[in-house]
Every structure is written in C-alpha cells, then in structure tokens.
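Novice: As you go down the protein sequences, you meet chains A, B, C and D in turn. FYI, the numbering for the first sequence is 1 to 210, going by the working numbering. FYI, the numbering for the second sequence is 1 to 210, going by the working numbering. FYI, the numbering for the third sequence is 1 to 210, going by the working numbering. FYI, the numbering for the fourth sequence is 1 to 210, going by the working numbering. For every residue, glycine included, the Cβ atom is placed at its ideal position computed from N, Cα and C. Computed from a prediction, not measured in an experiment: that's the story for all the values here.
Protein chains: 4
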Amino acid sequence: MRITRLEGLCDGVFAVALTLLVLDLPAPKGSQALARDLLQQWPSYAAYVVSFATVAIVWMNHHALMDRVARADRGLLELNLLLLLFVALVPWPTSLAAQYLRDPRQAGVAAATYGMTMAALSGSFSGIWLYLQRRENLAHPSARPRLGGALRRALTGVVAYLFGVALAFAWAPAAFAVYALVAMYFAISGRRAASSTSIRDHNQISDEPV
Amino acid sequence: MRITRLEGLCDGVFAVALTLLVLDLPAPKGSQALARDLLQQWPSYAAYVVSFATVAIVWMNHHALMDRVARADRGLLELNLLLLLFVALVPWPTSLAAQYLRDPRQAGVAAATYGMTMAALSGSFSGIWLYLQRRENLAHPSARPRLGGALRRALTGVVAYLFGVALAFAWAPAAFAVYALVAMYFAISGRRAASSTSIRDHNQISDEPV
Amino acid sequence: MRITRLEGLCDGVFAVALTLLVLDLPAPKGSQALARDLLQQWPSYAAYVVSFATVAIVWMNHHALMDRVARADRGLLELNLLLLLFVALVPWPTSLAAQYLRDPRQAGVAAATYGMTMAALSGSFSGIWLYLQRRENLAHPSARPRLGGALRRALTGVVAYLFGVALAFAWAPAAFAVYALVAMYFAISGRRAASSTSIRDHNQISDEPV
Amino acid sequence: MRITRLEGLCDGVFAVALTLLVLDLPAPKGSQALARDLLQQWPSYAAYVVSFATVAIVWMNHHALMDRVARADRGLLELNLLLLLFVALVPWPTSLAAQYLRDPRQAGVAAATYGMTMAALSGSFSGIWLYLQRRENLAHPSARPRLGGALRRALTGVVAYLFGVALAFAWAPAAFAVYALVAMYFAISGRRAASSTSIRDHNQISDEPV
Chain A
1 MRITRLEGLC DGVFAVALTL LVLDLPAPKG SQALARDLLQ QWPSYAAYVV SFATVAIVWM
61 NHHALMDRVA RADRGLLELN LLLLLFVALV PWPTSLAAQY LRDPRQAGVA AATYGMTMAA
121 LSGSFSGIWL YLQRRENLAH PSARPRLGGA LRRALTGVVA YLFGVALAFA WAPAAFAVYA
181 LVAMYFAISG RRAASSTSIR DHNQISDEPV
Chain B
1 MRITRLEGLC DGVFAVALTL LVLDLPAPKG SQALARDLLQ QWPSYAAYVV SFATVAIVWM
61 NHHALMDRVA RADRGLLELN LLLLLFVALV PWPTSLAAQY LRDPRQAGVA AATYGMTMAA
121 LSGSFSGIWL YLQRRENLAH PSARPRLGGA LRRALTGVVA YLFGVALAFA WAPAAFAVYA
181 LVAMYFAISG RRAASSTSIR DHNQISDEPV
Chain C
1 MRITRLEGLC DGVFAVALTL LVLDLPAPKG SQALARDLLQ QWPSYAAYVV SFATVAIVWM
61 NHHALMDRVA RADRGLLELN LLLLLFVALV PWPTSLAAQY LRDPRQAGVA AATYGMTMAA
121 LSGSFSGIWL YLQRRENLAH PSARPRLGGA LRRALTGVVA YLFGVALAFA WAPAAFAVYA
181 LVAMYFAISG RRAASSTSIR DHNQISDEPV
Chain D
1 MRITRLEGLC DGVFAVALTL LVLDLPAPKG SQALARDLLQ QWPSYAAYVV SFATVAIVWM
61 NHHALMDRVA RADRGLLELN LLLLLFVALV PWPTSLAAQY LRDPRQAGVA AATYGMTMAA
121 LSGSFSGIWL YLQRRENLAH PSARPRLGGA LRRALTGVVA YLFGVALAFA WAPAAFAVYA
181 LVAMYFAISG RRAASSTSIR DHNQISDEPV
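(1) When burial is assigned at 16 or more other CB atoms within 10 Å of the CB, is L21/D buried or exposed?
(2) Using a Cβ cut-off of 8 Å, pull out every chain A residue sitting near Q99/D, in sequence order please.
(3) Could you list which residues in chain B have their beta carbon closer than 8 Å to that of V87/C, in chain order?
(4) With DSSP as the reference, identify every bridge partner of A119/C, one or two as the case may be.
(5) I think F125/B touches L85/B, with their Cβ atoms under 8 Å apart; what is that distance to the nearest whole Å?
(6) Is the Cβ of F125/D closer than 8 Å to any Cβ of chain C?
(7) Can you tell which of L132/A, S95/A, A53/A and A27/A has the C-alpha that lies nearest to the C-alpha of R144/A?
(8) Can you check DSSP and say which residues form a bridge with V90/A?
(9) Using a Cβ cut-off of 8 Å, pull out every chain F residue sitting near V58/C, in sequence order please.
(10) Check whether the Cβ atoms of A88/A and L23/B lie closer than 8 Å to each other.
(11) I'd like to check one pair, D11/B with R74/A: are the Cβ atoms closer than 8 Å?
(12) Mapping the DSSP letters down to three states, classify A27/C as helix, strand or coil.
(13) Verify whether the separation of the beta carbon atoms of A107/D and I3/D is less than 8 Å.
(14) Who are the near neighbours of G123/B in its chain, counting only those whose CB is closer than 6 Å to its CB and skipping five residues on each side?
(15) Could you please give the first and the last residue of the uninterrupted alpha helix (DSSP H) stretch that includes W42/A?
(16) What residues match up with A139/C in a beta bridge as DSSP calls it?
(17) Flag R219/D as yes if its beta-carbon sits less than 8 Å from any beta-carbon of chain C, otherwise no.
(18) Does any residue of chain B bring its CB to less than 8 Å from the CB of P91/A?
(19) When burial is assigned at 16 or more other CB atoms within 10 Å of the CB, is R192/B buried or exposed?
(20) Ordered along the chain, which non-local residues of its own chain (more than five positions away) have a Cβ less than 7 Å from that of E136/D?
(21) Does the beta-carbon of L211/C have 16 or more other beta-carbons within 10 angstroms, so that it is buried, or is it exposed?
(22) Shortest alpha-carbon distance to A177/B belongs to which of Y48/B, A111/B and D37/B?
(23) Examine chain B for any beta-carbon lying closer than 8 Å to the beta-carbon of V22/A, and answer yes or no.
(24) Residues of chain C with a CB under 8 Å from the CB of D73/D: which are they?
(25) Relative to chain B, which residues along the segment 106-119 of chain A have a C-beta separation below 8 Å, given in chain order?
(26) Cβ of V16/D less than 8 Å from any chain C Cβ?
(27) Would you mind stating whether V90/B and A180/B have Cβ atoms separated by less than 8 Å?
(28) Using a Cβ-Cβ cut-off of 8 Å (strictly less than) and excluding sequence neighbours within five positions of L130/D, which residues of its own chain qualify?
(29) Would you mind sorting W42/B into buried or exposed? The rule is 16 or more other CB atoms within 10 Å of its CB.
(30) What are the start and end residues of the alpha helix (DSSP H) that includes V159/D?
(31) Helix, strand or coil: how does DSSP classify R175/D here?
(32) Determine the DSSP secondary structure at D11/A, reduced to helix, strand or coil.
(33) List, in chain order, every chain A residue whose beta-carbon is nearer than 8 Å to that of R144/D.
(34) For a cutoff of 8 Å on Cβ pairs, would you count V55/A as touching chain B?
Laid out in structure tokens, this is it:
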C-alpha cells in the first residue's frame, strides 16, 4: 500500500463529507416571507459552520498524523478506514442538530447523538495514535517522542465529547458549547503541534518562515 | 493511460460512494419522541456499517490488485470501469435493505437485490484477475505466481453471494449473515495477501515492520 | 497551470458525476410488492447503465486527449471547464429519460433533452481538438498528425447526437438506440486510437503488450 | 503540510461543489407538458451556468494563487479552509436564486443572499492575498511584486458584490447582472495574470507558446 493512495482516498472522503454538509441547508419552498424564513433557520447555519470547522480541523490533524507515518501496514489502513466511517457520518448528526436544536424536548437526544458521533471519531483517532505508539517503527524516528502527547490530546477529546453527551440530557445548548470548545481546543493544540516542523518533504508547514 | 490517473478516478468513485451512503440515513422529521424514532431505524445503521465496510474492503483489495499491475491496456481499463459501475451502485441496494429489512414479505427481495449487486461486483473483480492471468505480461513478474489464488478468492465471493441470494427467498436475515461473513472472509484473506510485500514503491504495507 | 492539477479537477468531476447517477435510481417507499415495483422501473436501470457508460467513455477519451497535450494555456483550460459543465450535467437528462421513457407523449422531449446535452458535450470536446489543431505547439509533436482524425471523430458524435434529437420527436426509442450506438462508436474508435501508444510516461496503455 | 495534499483537498471540494449544482436542476414529476415545464424553469439553468462559471473561475484563480506559494504555514492553511467553506456553500444560494428569481417580492432577498455568499468568498480570497503580502517569504520571490495587484483585484470583487447586494433590494435582476459582470471581470483579469508565466514546474500555462 502506497501512503499516497491512502491519502488520496482520505482526502476524497473529507472533501465529499465537507461538501455534502450543504445538502442539509434547507431552501424554503414557496416562501411568502423569504427573509424571515431564512433567518428562522439559523440553527442550520450554526450547524453547518460547526460541522465544517470540525471536519476541517480533523483533516488538518489527520495530515499532521500522516506526516509522522513512515510506513503503513494493514492494521493502520483499517484504523484509517474506521476513522473515515465516522467522518462520512458527520452530515447525519449535523442534520439532526439543525432540525431539533429549538425543540426543547428533543434537543437533548439530537445533541447527544452529535456528541457520540464525535466521540467515536476522536476515539478512532486515538486508536491510530495508540497503534503507532505500539508499533513505533511505523513512525518517523523524529516523531516517536511526541506520540504520547498526541495520544493524550486525542483521548482528551473523547472524554470532553462524552462529557458533552452527559450534559446534553440536562441542557442541550451547554452540550453544543462544549463541542465548540473541543473544536477550538483541537485547532489550537494542532497549531502548536504543527509548529514543530514535519518530516516528509520540503513543502512543509513552517509557522516561522525565515 | 498512466496508471496513476486510473487510480485517481477509482479512488474518487470509492470516496464518493462511501460518503453517499450517509444520504440513506434518515433524519426523522418533526419527531415527538426522537430517541425512540432513532432507535427504531437500526436497520439503517446496520446497512450503513455493512456497506461501508464492504466498499472499504473492496477498495483495499483493489489497491492490492493495482500494486500487482505493471502496465494497463484498454481492456483492463474497461474492466475497471465495469467494477466502478457496481461500486457506485452500492448505495441503492443498501437503501432498499435498510427500508425493507423489517418487512417479512419484502425483505427477501431486498436481500436478493443486495446480494446480486455484490455478486456482480465480485464478478467484475474476478474478471480483472482472469484478464491479468491471460495477459500475464501486464502483471509484475513477481506477482504472476499468485494470480491463480487471487482469482480463486474472487470467484469464491461470487459463489457465496449467489448462495446468499438463494437463501434470501427462504429467510432474509440468513442472507445478510452470509453477506457479513463474505465481507469478513475478504478482509481476512486480503490481510494474508497483503503480508506478501507489494512491489511498486518504497511506501509499502509491511505487516512485520523490522 | 500544472497539467496534473487540471487532471485532478477533471477526474474529481467525472468521479462525482458517475457516482451521483445512483441518486436517480428510485428505492420505492412502502412497497407491498417490491419485486414487481423494482422490475417496473427498468428504464431507470437502462438510463443508469447508458449514462455511466457514456461518461466513462468520455473519461477514457479525455485521458487520451490529455496524453497528447504537452502544454496548457488559459484557453485550453477554459474549454476543459466547459466540457466539465456538460459532464456534471449528465445526471439531469438521465433522470428525465428514466422518468418519461414509458410515457409516449413526453418521451420525445426527454429523449431530445438527453441528446442535446450529449451533443453539447461532444461539441465542447470537438472545440478542444480544434483548439489544439490551431495551436499545434500545445500538442506533443508525435500527436500532431493525428489531431485531424480525432476532431473528425468528435464532430461525427455531434452530428449523430443531433440526428438522434431529430428522431426523438418521431419515435423516442429510436433516438435512444442512436445514443447507444454513438457510445459504442466512441468506445470502439477510442480503442483503436489507444492502440497507438501514448507519450507522456512509461505506465502507458499498450494494446499489444510484448 | 505538503502543498500537494492541500491542493488535493481543495480540488476535491471544488469538484464536488461543481457537480452538486446539478442536484438543484429540477426534473418535473408526472408532467403532462414536459417541453413547457422544462422551458418554464429557465432560471434554474441560468443559475446553474452562472454558479458553475463562478466556481470554475474561482478554481482557476485559486490555482494561480497556489502557483505563487512557495511554502504554507498553518495560518495559510486555515484561510484556505475558510475559502472552501464558502465554495462548498455555493449550491445553496444558487438553489434560492433559481426558485425565487421570478417571484418579484422574494427575488430581492434571494439575490442578496447570493451576493453576500459571493462577497464572503471574495473576502476570504482577499484574506489569503493579504496574508501572503504580510508574510512575503511564503510567496515565490518572483511573485512578490505582484501580490499587491492580486489583492486589489480580490477586494474589487468584494466591493462589487456588496454593491450588487445593495442593488438587490431595489431591483433583483440588476443584482444578477452585476454578479455576471464580476464573474467576467475575474475571468478576464485572471487571463491577464496567467499570461505572466507561473513558477512551480514545467507544465505551465503559457498564453503565448513559442
């Protein structure tokens, strides 16, 4: 298995998942007051932005991960496909959240479904880091000391999402606030990890270009 | 025809087919008991997971196949496009299976449709191996002794899926059990085949990294 | 503009267009006689196969085209995007054809719409060959003598599709027979053209591997 | 971060967004006068063509941009993902415009929504050029003198789209005329910028091939 073709499939699934989110934005039919109807569906826009940002951040972190991989074996491949299963799933809880965010009795279940999907996504991410830690020779030598930190960050995400799921049944908006905070946490911690230069070739991220 | 561009199209179709499966997951509208309504549609989740896993396994085995190809001619190209026709079709029988799995009178037809699609997919896979066996100079020299085994595994899949189709009319759940077993068979036999290293470049799968 | 990135976008649009065709395959809801209902929608399956085959053949011929291009300028880029506009459109007339093939009064309009889309697709293909013929230094030196033949084949397609459109208003099934014949003509003439080896690298199509 | 993988994701999102536009083309159900019904939905065709052309032009200009980038840092990556958020959004205002273009009371809101999406898209494009201007060492040395002109063109787009939004509430068709003019402006100014050869490799656009 060449790593580039694995990346090709991953990027394809990420790109389609990002773009399919737009299908959950409703275009009201036969509206007599379009401005009002468009404003009323603000939860759909919020859900679009949060889900797009989350998938985009997962993509950035997946990139950082692949830059640390020197070789892939079948197990790593299967864990990557498990991750893609949850990435491709994101439009579904997004659609639920957009529809039920303003119905107080159902919002909790929608928020919990969203959080469980994201916890599973973070969980499969953690699984990849754990696998790399156990089979250290799959990782680039220079990346090995940092595997522990990456695993810890991914597990933090799982715990935070599960905390959000628990909150969801008490008060749904608080759960979504937690999900947004987790996304910001991953964006920021990913930024820090990226500032340590990657290995694989010369077109790298460099936060401090000379 | 450069092989890399053929792989690009294939990976694109696989990525879109994997991600379109999510469109068959229903988000109940105006539900008054969302938790119950979500749980009731469990066949949709099962169908999503089985179809995602099946397409993902086909993708992994397609990869292993392409790693064994040294050159492509027009016939090989056309057989690949026939394979893609059935890969792109998978969301359709998946949607049928999800909808009719719990209706005893229609489940047989849905299960048979699913199995026939998968048999055709395995059949076109067999066709590619058979073609490579007949035009051995398209395959990498080191891969030639193993073409017979690969063809036999693919044909086993066709026979097993057709057996599932026959079962479907007797008892639909048994047919789906057969389909799940076939997917597991391909995942495991693909793992074994992958442990024999591939040829094309240095970023290979290696089940026993040194 | 690097040619590889143009090919990346083209392959993406082709892959998505091929896979979106499945969205036009109806999964009957709440059917009481699923086998009968599935058989009754045979025009949808025929439309899926014909459209998939047509787009796949266009992709193969587009490949052969790109193998003959040495350099791209902005005009060639814009003509390629025009071609993609019609490739991305294919699922729409396919859906019309599937729905109205059995309604004698509307089948003519549906068949004509299908044929006009395909004529426009062939027309933009012809435009690319014409452009290459006029700016011969964009083409690989060894490909230049063959540009005339390629242009003639593409224009034959335009004429044949327009003939089909004219037939559509007399008898719709005859128009679809013409469209199927044109697809076969392109598949066969593309096969012949492919037997003259391509230039760009070593992983080529070769119809007569030694 | 390797630039090629960023381009892969971008091309994927562009390809899917271009192809999803077809889902907004309605195929009338059970029509008794298909020709008339198809002609009546001309705003949908106009919206398809304008949106396809706009996204295609954005893709061409994004290409020209990436050819000027020597290195990417995390900030550039995030600005690119922001751009993709608006690219992926385009099918939604397109669908609104197609539906409400002929309803005089709602057309203004639909046209304004379209214009605001495009202004945001141009705005995030401007953001990338501004970022490159501030961190000049990310750009190819030969591209640095031209960053100012590129930024000015992108900002012109933002202003023109906002002018269209203002017009929309007075007379919607005028707003759409402005949007079409902006697309033509970008196509033409992009053509000029492209005639200055790009840097990154030998398969370049050259408007004046020797």
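Specialist: In short, the structure shows the following:
(1) buried
(2) A27 and K29
(3) What V87/C touches in chain B: nothing, since even the nearest Cβ is about 12 Å away.
(4) According to DSSP, A119/C bridges with nothing at all.
(5) No, F125/B and L85/B are not in contact; Cβ-Cβ is about 12 Å, not under 8 Å.
(6) no
(7) L132/A
(8) None, per the DSSP bridge assignment.
(9) Given the protein chain composition of this structure (A, B, C and D), no chain F is represented.
(10) no
(11) no
(12) coil
(13) no
(14) V158
(15) W42 to D67
(16) V69/C
(17) In the structure as shown, chain D begins at 1 and stops at 210. Residue 219/D is therefore absent and cannot be evaluated.
(18) yes
(19) exposed
(20) R144
(21) Coverage of chain C is limited to positions 1 through 210, which leaves residue 211/C absent and any answer about it impossible.
(22) A111/B
(23) no
(24) The contacting residues do not exist; D73/D stays about 21 Å from chain C at best.
(25) Q106, V109, A110 and T113
(26) yes
(27) no
(28) L151
(29) exposed
(30) L147 to A170
(31) For clarity, residue 175/D is Ala in the given sequence; the question names Arg instead. Residue state, collapsed to three classes: helix.
(32) helix
(33) None at all; the shortest Cβ gap to chain A is about 13 Å.
(34) no
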